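Heads up, the sequence shown is in full-length UniProt numbering, so the first residue is 1 and it goes up one at a time.
All C-beta atoms in this analysis are idealised placements derived from N, C-alpha and C, irrespective of residue type, glycine included.
This one's a predicted model, so the numbers in the text were calculated from it and none came from an experiment.
These notes are about the structure you will find just below.
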Amino acid sequence: MRLGVLDVGSNTVHLLVVDAHHGAHPWPAHSEKVVLRLAEQIGPDGALTDAGADGLVKAVSMARAAADGLEADDLLAFATSAVREATNAGEVLARVRDETGVRLEVLSGADEARMTFLAVRRWFGWSAGRLLVMDIGGGSLELAAGIDEGPDVAVSLPLGAGRLSRERLEVDPSGAVPPSAEAVEELREYVDAQLDPVVEQLTAVGWERPVATSKTFRMLARLAGAAPSGAGLWARRSLTRTGLRQVLGFIRHIPPAQLAELEGVSAQRAHQLLAGAVVAEAVLRRLDVDCLDICPWALREGVILRRLDQLAPM
């Protein structure tokens with residue numbers, strides 16, 4: 001069957017259409033995204049602005065049309081932290097439903113972690129042993145660990161790269177000046193404090209294979225020398241703690257506008273990269289991870305796999 005999955009995240013609205021059936025590898029047939037940065041369109045009252053809601057409705061409508069044009073049998077639509085935390089989420093979701101016919105499922109942070117864990121487990125298989133999975137999004141950090149297809153521990157923390165860039169680093173809107181050394185150090189201390197409650201939980205479960213997903217980790221790995229996207233889906237990519245520290249030491253002195261010029265760095269996310277690197281370094285340091293693998297599958301694939309499992313004959 002042909003499935004569409006629509007991911008309304010803190011940075012982008014991403015449509016992925018795949019051809020798949022239970023027990024098979026989901027093969028991408030189409031992918032498109034719109035950069036909305038919804039997390040940056042939350043007003044002082046915590047509500048998504050009218051402009052943000054307008055942009056969301058338009059993006060979802062376009063995605064629905066694209067999925068219909070590709071004759072998708074089903075469209076799985078979900079939203080993560082930006083919509084989840086908006087004080088007017090109910091109103092926005094109702095408007096999206098009424099104007100586009102698409103019902104957005106709002107995933108909890110823990111559900112995000114579980115779905116991503118499922119995707120990573122299926123990608124690496126049972127031979128990977130106990131997995132530790134980490135994912136830095138725009139609004140939150142998801143961490144999960146376990147031996148099965150469902151993790152023993154799944155947690156979400158408000159440590160997204162976009163959120164921290166906006167709230168803690170106060171990145172220069174022009175991108176011309178890097179954050180101060182004091183701001184970076186204060187961010188590191190804040191991230192460490194947020195990680196304190198979950199380090200013991202994850203360590204108690206343990207792992208044999210640490211893995212990371214997300215655009216942030218892929219960019220950091222590329223800057224540390226991992227294969228470019230052009231090398232293909234199957235190229236093995238990894239990130240060492242030493243390599244990450246070198247990247248962090250390098251990018252903390254570079255204005256975001258110049259970071260966007262580096263190979264492997266997304267222009268739309270360059271202003272978030274430093275905050276993402278601080279979070280990544282803290283996680284690897286606190287969990288004593290020397291090297292992790294980069295998995296090309298993440299939340300969207302996890303949602304697809306869950307749906308295929310639900311459709312499987314008993």
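Per-residue DSSP class, three states only, for residue i
i: valine 191; result: helix
i: residue 323; result: No answer is possible for residue 323: the residues shown for the chain start at 1 and end at 314.
i: valine 35; result: strand
i: histidine 271; result: helix
i: arginine 286; result: helix
i: valine 133; result: strand
i: glutamate 170; result: coil
i: aspartate 148; result: coil
i: glycine 142; result: In the sequence as displayed, the identity of residue 142 is glutamate instead of glycine. Reduced to three states, the DSSP call for glutamate 142 is strand.
i: tryptophan 207; result: coil
i: proline 256; result: helix
i: glutamate 71; result: coil
i: leucine 15; result: strand
i: tryptophan 123; result: helix
i: glutamate 263; result: coil
i: residue 319; result: Shown here, the chain extends from 1 to 314; a query on residue 319 therefore has no answer.
i: proline 28; result: strand
i: serine 108; result: coil
i: threonine 240; result: strand
Cutoff 6 angstroms; reference residue i; Cβ partners in own chain excluding five residues on either side
i: alanine 53; result: Val92
i: alanine 89; result: Val83
i: histidine 22; result: Leu308 and Ala312
i: isoleucine 147; result: Arg130
i: phenylalanine 117; result: Val133, Ala144 and Pro151
i: phenylalanine 78; result: Glu105 and Leu107
i: serine 81; result: Ser10, Gly139 and Ser140
i: serine 31; result: Leu16
i: glutamate 149; result: Leu118 and Arg121
Neighbour-count burial assignment, residue i, 16 or more Cβ in a 10 Å radius
i: tryptophan 297; result: buried
i: proline 178; result: buried
i: serine 214; result: buried
i: aspartate 73; result: exposed
i: valine 156; result: Residue identity check: residue 156 is serine in the sequence provided, not valine. Label assigned to serine 156: buried.
i: aspartate 45; result: exposed
i: aspartate 7; result: buried
i: serine 165; result: buried
i: glutamate 301; result: buried
i: histidine 271; result: buried
i: arginine 218; result: buried
i: arginine 236; result: exposed
i: tryptophan 230; result: A quick correction: the sequence has glycine, not tryptophan, at residue 230. Glycine 230 is exposed by the Cβ-count criterion.
i: glycine 55; result: buried
Residues near residue i in its chain [Cβ-Cβ closer than 7 angstroms; skip 5 each side]
i: residue 316; result: The chain is shown only over 1 to 314; residue 316 falls outside these bounds and no answer can be derived.
i: tyrosine 190; result: Arg168
i: alanine 176; result: Pro255 and Ala257
i: valine 35; result: Asn11, Thr12 and Gln268
i: valine 247; result: Leu220, Leu223, Ala224 and Ala277
i: isoleucine 29; result: Sequence check: residue 29 is alanine here, not isoleucine. Result list for alanine 29: Arg2, Val17, Val18, Asp19 and Leu70, in chain order.
i: methionine 294; result: The amino acid occupying residue 294 in the given sequence is isoleucine; methionine does not appear at that position. Closer than 7 angstroms at Cβ, skipping near neighbours: Ala212, Phe217, Arg218, Ala221, Ala226, Arg237, Ser238 and Leu239.
i: tryptophan 207; result: Arg130, Leu131, Leu132 and Ala145
i: glycine 264; result: Met219, Arg222, Leu223 and Pro228
Euclidean distance between Cα positions of residue i and residue j
i: serine 266; j: valine 18; result: 24 angstroms
i: alanine 312; j: leucine 3; result: 14 angstroms
i: glycine 225; j: valine 60; result: 36 angstroms
i: glycine 138; j: alanine 144; result: 18 angstroms
i: alanine 20; j: arginine 163; result: 34 angstroms
i: leucine 262; j: proline 228; result: 12 angstroms
i: valine 133; j: glycine 249; result: 24 angstroms
i: valine 303; j: alanine 24; result: 15 angstroms
i: leucine 75; j: leucine 233; result: 24 angstroms
i: arginine 103; j: alanine 67; result: 14 angstroms
i: valine 171; j: aspartate 290; result: 29 angstroms
i: threonine 216; j: isoleucine 42; result: 22 angstroms
i: alanine 94; j: glycine 101; result: 10 angstroms
i: threonine 240; j: glutamate 186; result: 24 angstroms
i: serine 238; j: alanine 110; result: 25 angstroms
i: glycine 69; j: glycine 125; result: 34 angstroms
i: serine 180; j: histidine 253; result: 9 angstroms
i: alanine 39; j: methionine 62; result: 20 angstroms
i: asparagine 310; j: glutamate 182; result: The amino acid at residue 310 is misidentified as asparagine; the sequence shows glutamine. Answer to the nearest angstrom: the Cα atoms are 50 angstroms apart.
i: valine 184; j: threonine 203; result: 27 angstroms
i: valine 205; j: alanine 65; result: 44 angstroms
Own chain residues within Cβ distance below 8 angstroms of residue i, not counting five before or after
i: leucine 244; result: Leu220, Ala224, Ala277, Ala280, Glu281 and Leu284
i: alanine 113; result: Val133, Asp135, Glu142, Leu143, Ala144, Pro151, Ala154, Val155 and Ser156
i: alanine 51; result: Gln41
i: tryptophan 27; result: Val18, Asp19 and Ala20
i: alanine 161; result: Ile136, Gly137, Gly138, Thr216, Arg269, Gln272, Leu273, Ala275, Gly276 and Val279
Integer Cβ distance of residue i from residue j, believed to fall under 8 angstroms
i: valine 57; j: glutamate 85; result: Not confirmed; about 19 angstroms, so no contact.
i: arginine 122; j: leucine 305; result: 6 angstroms
i: alanine 119; j: threonine 87; result: The Cβ separation is near 31 angstroms, so there is no contact.
i: leucine 292; j: valine 211; result: 6 angstroms
i: aspartate 192; j: arginine 286; result: 7 angstroms
i: alanine 128; j: arginine 209; result: 4 angstroms
i: leucine 159; j: glutamine 194; result: 6 angstroms
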